[in-house]
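In our numbering, the protein residues as written are 238 to 373.
Heads up, the beta-carbon is just placed ideally off N, CA and C, and yes, glycines get one too.
For reference, the structure is listed below as structure tokens.
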């Protein structure tokens, strides 16, 4: 494999682990977001799989919802984005529950606050991680 592919895979894995940590933080803080598992290793693996689902939902479903709800974004001056993020978080919890991954979101409001916590945690982690050098 080329160095560029390996570097991209490494960045993806680091981002996946950081997303898993942000999801763990949301589960630890917000009542209504539950993480189940017999061992710490099982919970961590569950979080990695949920982070992958979260990434897929935000990559595949969120752009469609944003396009359909474009007028609501304009009417609410972007605040509708908070609702969309909550819905994507809630969808992640639903898919995770159907796949028995041990991650459960109990309604819209836990999803709303969980999405905000994940967004804030990812923002802080992005500030703390070094940026990739852009080659000319």
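Exposure label - residue 326; buried when at least 16 CB within 10 Å: Against the chain shown, residue 326 aligns to sequence position 89. By the neighbour-count rule (16 or more Cβ atoms within 10 Å), residue 326 is buried.
| task | Would you list the one or two residues that DSSP bridges to residue 270? | result | Here residue 270 refers to the residue found at position 33 when the chain shown is read from its first residue. According to DSSP, residue 270 bridges with 342.
- Are there three or more Cβ pairs, one per stretch, closer than 8 Å when the region 328-344 is compared with the region 289-298? yes
Quick check on the DSSP output: the alpha helix (DSSP H) that includes residue 322 runs from which residue to which? Taking the first residue of the chain shown as position 1, residue 322 is located at position 85. Element bounds for residue 322: 317-335.
Hey, out of 256, 281, 328 and 238, whose CA is closest to residue 360's CA? Position 123 of the chain shown holds residue 360. Nearest C-alpha to residue 360: 256.
task: Determine contact between the region 261-270 and the region 346-361, defined as no fewer than three beta-carbon pairs at a distance below 8 Å.
output: yes
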